């Protein structure tokens, strides 16, 4: 189970990085919430950030990922360096990303995705 949720997480990072709307909708629940440094967004707004190029990832370096399972809920902690063009300016942040998934019809669905900037 743990490997399956980590695989789902990695797929979500990939579709997000490539602004793949269909892939994002396949993995994320329609009510999923995203928390960034400066904004909280629902799924539709998050998709627009990527498809309209407001968030344009240039490199995502995964440092580590670990999952904890709680019955039909999984919490994935992703430690990454996330570089992107934001309003045309290159920026890189070291983040801990908390991803919360629920198991629905034998598939992990993303319900929460929160970026926390790390300062160490």
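Residue numbers (my numbering): 20 to 139.
Every residue gets a Cβ at the ideal spot worked out from N, C-alpha and C, and that includes glycine.
Computed from a predicted structure; not experimentally measured.
Beta-carbon gap between residue 99 and residue 114 smaller than 7 Å: A Cβ-Cβ contact shorter than 7 Å links residue 99 with residue 114.
Backbone CA spacing between residue 64 and residue 105 [nearest angstrom]: 16 Å
Range of the contiguous alpha helix (DSSP H) that encloses residue 109: Careful: residue 109 lies outside any alpha helix (DSSP H), inside the beta strand (DSSP E) at 108 to 123.
Backbone secondary structure at residue 39 - three-state DSSP: The answer is coil: DSSP assigns residue 39 none of H, G, I, E or B.
Three-way DSSP call (helix, strand, coil) for residue 64 in this model: In this structure, residue 64 counts as helix in the three-state DSSP scheme.
CB contact flag (residue 40, residue 66, <7 Å): yes
Beta-carbon contacts of residue 109 that lie in its chain and below 8 Å, excluding the five residues immediately before and after: 77, 102 and 103
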